[in-house]
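Peer 1: One structure is given below, represented as structure tokens, and several questions about it will come after.
6 protein chains.
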Amino acid sequence: MIYLTRKAEFSSAHYYWNEAWSPEENDRVFGRCANRNGHGHNYTLEVTVCGEVDPVTGFVVDLKELKDILEREVVRVYDHRHLNLEVPEFAATVPTTENIAVAIWRRLDGRIPHAKLYRVRVYEMPDLFADYYGEA
Amino acid sequence: MIYLTRKAEFSSAHYYWNEAWSPEENDRVFGRCANRNGHGHNYTLEVTVCGEVDPVTGFVVDLKELKDILEREVVRVYDHRHLNLEVPEFAATVPTTENIAVAIWRRLDGRIPHAKLYRVRVYEMPDLFADYYGEA
Amino acid sequence: MIYLTRKAEFSSAHYYWNEAWSPEENDRVFGRCANRNGHGHNYTLEVTVCGEVDPVTGFVVDLKELKDILEREVVRVYDHRHLNLEVPEFAATVPTTENIAVAIWRRLDGRIPHAKLYRVRVYEMPDLFADYYGEA
Amino acid sequence: MIYLTRKAEFSSAHYYWNEAWSPEENDRVFGRCANRNGHGHNYTLEVTVCGEVDPVTGFVVDLKELKDILEREVVRVYDHRHLNLEVPEFAATVPTTENIAVAIWRRLDGRIPHAKLYRVRVYEMPDLFADYYGEA
Amino acid sequence: MIYLTRKAEFSSAHYYWNEAWSPEENDRVFGRCANRNGHGHNYTLEVTVCGEVDPVTGFVVDLKELKDILEREVVRVYDHRHLNLEVPEFAATVPTTENIAVAIWRRLDGRIPHAKLYRVRVYEMPDLFADYYGEA
Amino acid sequence: MIYLTRKAEFSSAHYYWNEAWSPEENDRVFGRCANRNGHGHNYTLEVTVCGEVDPVTGFVVDLKELKDILEREVVRVYDHRHLNLEVPEFAATVPTTENIAVAIWRRLDGRIPHAKLYRVRVYEMPDLFADYYGEA
Chain A
1 MIYLTRKAEF SSAHYYWNEA WSPEENDRVF GRCANRNGHG HNYTLEVTVC
51 GEVDPVTGFV VDLKELKDIL EREVVRVYDH RHLNLEVPEF AATVPTTENI
101 AVAIWRRLDG RIPHAKLYRV RVYEMPDLFA DYYGEA
Chain B
1001 MIYLTRKAEF SSAHYYWNEA WSPEENDRVF GRCANRNGHG HNYTLEVTVC
1051 GEVDPVTGFV VDLKELKDIL EREVVRVYDH RHLNLEVPEF AATVPTTENI
1101 AVAIWRRLDG RIPHAKLYRV RVYEMPDLFA DYYGEA
Chain C
2001 MIYLTRKAEF SSAHYYWNEA WSPEENDRVF GRCANRNGHG HNYTLEVTVC
2051 GEVDPVTGFV VDLKELKDIL EREVVRVYDH RHLNLEVPEF AATVPTTENI
2101 AVAIWRRLDG RIPHAKLYRV RVYEMPDLFA DYYGEA
Chain D
3001 MIYLTRKAEF SSAHYYWNEA WSPEENDRVF GRCANRNGHG HNYTLEVTVC
3051 GEVDPVTGFV VDLKELKDIL EREVVRVYDH RHLNLEVPEF AATVPTTENI
3101 AVAIWRRLDG RIPHAKLYRV RVYEMPDLFA DYYGEA
Chain E
4001 MIYLTRKAEF SSAHYYWNEA WSPEENDRVF GRCANRNGHG HNYTLEVTVC
4051 GEVDPVTGFV VDLKELKDIL EREVVRVYDH RHLNLEVPEF AATVPTTENI
4101 AVAIWRRLDG RIPHAKLYRV RVYEMPDLFA DYYGEA
Chain F
5001 MIYLTRKAEF SSAHYYWNEA WSPEENDRVF GRCANRNGHG HNYTLEVTVC
5051 GEVDPVTGFV VDLKELKDIL EREVVRVYDH RHLNLEVPEF AATVPTTENI
5101 AVAIWRRLDG RIPHAKLYRV RVYEMPDLFA DYYGEA
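Chains as they are written, first to last, in the working numbering: chain A, 1 to 136; chain B, 1001 to 1136; chain C, 2001 to 2136; chain D, 3001 to 3136; chain E, 4001 to 4136; chain F, 5001 to 5136.
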């Protein structure tokens, strides 16, 4: 069993806001992130898959295929987008780093041929990241 | 003469748009950056000042003071903001990396005691940055 | 269950020395680290907490609160300090990267509301780090 | 139990090729990596060992000794070498990142005094790495 | 006048060898780099152009166009190639970091619309790079 | 003319203190750096030399020789040392990043065969560095 990790990047806008709360409550809980004009980040995504190494190719996963899946399922949907306004899973869910990691897991799980999705790591900033290993 | 550089960071949203153009023209020139919902970045700012080293303190510039100036003049104004919508210099100027570097120069020039502003560098992404050395 | 990691930094002096040994024995085991004048490092701390994502806020932990805890419990105590001379847990314990990771765990464990401390990682240099997951 | 990680680097040439296949099949599966003239990388190796912290020294492992083992068992053999042509384990095995991680595990396992080899991580590029935790 | 820098990467094999010298002389001068099987690196290229900012677009240079030029003139020619064996400028010139910087300058100079090539920087390793500013 | 830069690292302790001042004045000017127990950093040194590329070797400078000079003149003297207490140039000069850059220039200038020392850059932290280009 070997674990292979590939990085990808996307640059997106977002804000934190709970419609059920007053503006004051949003400010108190979310601070500067509650600015409805939005702000943004260069997100770094690390996707780890695991499996047996194919003895003929030496691959756990076809890297070109993995890159294409990340591009199609995540980067094309999130990059240069406003997460709250344009990405359906954040219409009613706050796009925190934690929730972005869970959402990317759901986008990728079951779509990687010959390997198992093991971990999704999302960096919002170089000094802050979230890891998700699936529902269990 | 010695050159001292200090980094700071801000996370902002922006888009590229020219009101004088049709949406098609904006799309053609600005591509995915023309999305009016905005996207965003973790910007890294490097400010270089130069001057003589004070023989008593060993400083070109008081670092605490420099940090406070960057915080007050730039970070507090740009961080967690939408550059087009909330920062006055980008109301009618496209917030490209080049223009952000020039704008930060204008915010800082003449405000650093005992040292001369030498260069403003702005990274929009780790693989793209602009340098500005002043008007001349 | 999601894992959230936040980084912090501190710059400290230290040396390696065992009072029960001769200077020669200290030199043999600790090499250049046995210099009693001390040397120092920019340490990077990565603290990982885990828990359920709060469905309302999208947070495992309040980031501002986590940052304040790291600042109060670790950075304020270690930063710009001599670990052997000024930090009580290293009065009689060699401040190796391993022991610093354990000491930071003990400072943080039980102090993070709503989340469980999962891992403490300490980098002494970019090419050397220690991970501690608790006593068990 | 604590985990200590040390990095090392080596710069090597390699190519991907399966002698049992036609050139066309090699091109189809391995793409640009199938160029028999070779290409190369700056590999980064992260070796993690685990064990109890020695209460006297504060070490899980003697760092100088660990560095010497990595140098002797891996860096001296791989650095400034063509992996396919000069490193025996890749004479008949494709030197993918996955296979390099497994090969380095086999070179190191059982050779680190007082500590257990826990993980071998190999970066081929900053955005691609493989982890191996041993045969089980 | 503003300076804009864009990075690109290529992974290549190379060796250092002077046909006019004996193998012993090559070994003495070039050390481990004289291994004729080749070794390799992940090179990082930073290309800096300068010019006036277009007041309408906010661009010194069209970034998409610059990226395409770097891709076509450099990356497609050098990446996943053996520099000595497959890149014409290194058939009789040692592909040192210095010479690679000069060669990339010659490939790019005069090909960037609306801006002037200012500097070519090539990293062979994170701790070694060469800068070239043109012939003058 | 080409510019070649090589990095090196050293880990040292230091403090900022002016004997002519009261403790209160030292605290006011130097803040936490005035702690006489010392603190420390992982310093990164970037040394840039310039010259003509030797047409036979492709070198501005022999890299092995440059590395040995940095090691002998700087790293061996500063690394794992207390700058104030053990390095003569800081006996009466505050070891600020600016002064360290100037001191390293003086240690290296005139000692690099076949090339001219162009710039000494010293990082005290990843977000703070000083550049020195010589006395003129």
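For each residue, glycine too, the CB sits at the ideal point set by N, CA and C.
1. Does the beta carbon of Glu4086 (chain E) come closer than 9 angstroms to any beta carbon on chain D?
2. What does the Cβ neighbour count give for His3114 (chain D), buried or exposed, with the cut at 16 atoms within 10 Å?
3. Please confirm if Pro5126 (chain F) has its CB atom under 9 angstroms from at least one CB of chain C.
4. Measure the C-alpha to C-alpha separation of Phe2090 (chain C) and Arg2032 (chain C) and round it to an integer number of angstroms.
5. Please state if the CB of Val4074 (chain E) and the CB of Thr4005 (chain E) are separated by a distance shorter than 9 angstroms.
6. In chain order, what residues of the same chain lie with their CB nearer than 6 angstroms to the CB of Ala2101 (chain C), ignoring the 5 residues before and after it?
7. Pro3095 (chain D): buried (16+ other C-beta within 10 angstroms of its C-beta) or exposed?
8. Under 9 angstroms between beta-carbons, which chain C residues line up against Val49 (chain A)? List them in chain order, please.
9. What runs of the alpha helix (DSSP H), each 4 residues or longer, lie entirely inside the region 1006–1038 of chain B?
10. Distance check for Thr1097 (chain B) and Val1087 (chain B), CA to CA, integer angstroms please.
11. Does DSSP put Val3094 (chain D) in a helix, in a strand, or in coil?
12. Taking Leu5070 (chain F) as the query, report the chain H residues whose CB atoms sit under 7 angstroms from its CB, ordered along the chain.
13. What residue from A:Asn35, A:Ser22, A:Val77 has the CA that sits closest to Arg107 (chain A)'s CA?
14. Have a look at the DSSP bridge pairing and note the partners of Lys4116 (chain E).
15. Residues of chain B with a CB under 8 angstroms from the CB of Arg81 (chain A): which are they?
16. Would Asn2042 (chain C) pass as an interface residue toward chain D - the criterion being a Cβ-Cβ separation below 9 angstroms?
17. So does Val1120 (chain B) have its beta carbon nearer than 8 angstroms to some heavy atom of the ligand GDP?
18. Excluding sequence positions up to five away, which residues of its chain have a Cβ less than 8 angstroms from the Cβ of His1041 (chain B)?
19. Just to check my reading of the structure: Gly3051 (chain D) and Lys3116 (chain D) have Cβ atoms closer than 8 angstroms, yes? What is that Cβ distance to the nearest angstrom?
20. In chain E, what lies closer than 7 angstroms to Ser3012 (chain D) by C-beta?
21. At the 9 angstroms Cβ level, is Glu3025 (chain D) part of the contact set with chain E, yes or no?
22. What did DSSP end up calling Val1087 (chain B) once you bin it into helix, strand or coil?
23. If you draw a straight line from the alpha carbon of Asp4027 (chain E) to that of Arg3081 (chain D), how long is it in whole angstroms?
24. Helix, strand or coil: which one does DSSP assign to Tyr5043 (chain F)?
25. Which chain A residues sit within Cβ distance under 8 angstroms of Arg1032 (chain B)?
26. Here's a check: name, in chain order, each residue in its chain whose Cβ is nearer than 8 angstroms to the Cβ of Met4001 (chain E), leaving out the five neighbours to either side.
27. Got a sec: is the Cβ-Cβ distance from Glu46 (chain A) to anything in chain B below 9 angstroms?
28. Whose C-alpha, out of A:His39, A:Thr44, A:Gly110, is nearest the C-alpha of Ile69 (chain A)?
29. Classify Val1056 (chain B) as helix, strand or coil using the three-state DSSP reduction.
30. Tyr4015 (chain E) CB to nearest chain F CB: under 9 angstroms?
31. Which stretch, first to last residue, makes up the beta strand (DSSP E) that contains Asp3079 (chain D)?
32. Could you tell me which residues DSSP puts in a beta bridge with Asp3131 (chain D)?
33. With distances taken between CB atoms, is the gap from Tyr3016 (chain D) to Gly58 (chain A) smaller than 9 angstroms?
34. Can you tell which of D:Trp3105, D:Ile3112, D:Ala3092 has the C-alpha that lies nearest to the C-alpha of Asn3018 (chain D)?
35. From Pro1055 (chain B) to Glu2135 (chain C), what distance separates their C-alpha atoms?
Peer 2: This is what the structure holds:
1. yes
2. exposed
3. yes
4. 19 angstroms
5. no
6. Val2120, Val2122, Ala2130, Tyr2132
7. buried
8. Ordered by position in chain C, no residue passes the 9 angstroms Cβ test against Val49 (chain A), which lies about 18 angstroms from the chain.
9. 1023–1030
10. 15 angstroms
11. coil
12. Absent here is chain H; the protein component of the structure consists of chains A, B, C, D, E and F.
13. A:Val77
14. E:Cys4050
15. Asn1035, Asn1037, His1039
16. no
17. This structure simply doesn't include the ligand GDP, nor any ligand for that matter.
18. Ser1011, Ser1012, His1014, Glu1124, Met1125
19. 6 angstroms
20. His4039, Gly4040
21. no
22. coil
23. 14 angstroms
24. strand
25. Asp79, His80
26. Cys4050, Gly4051, Glu4052
27. no
28. A:Gly110
29. coil
30. no
31. No beta strand (DSSP E) holds Asp3079 (chain D); DSSP gives it neither H nor E.
32. A:Tyr3, D:Arg3121
33. yes
34. D:Ala3092
35. 51 angstroms
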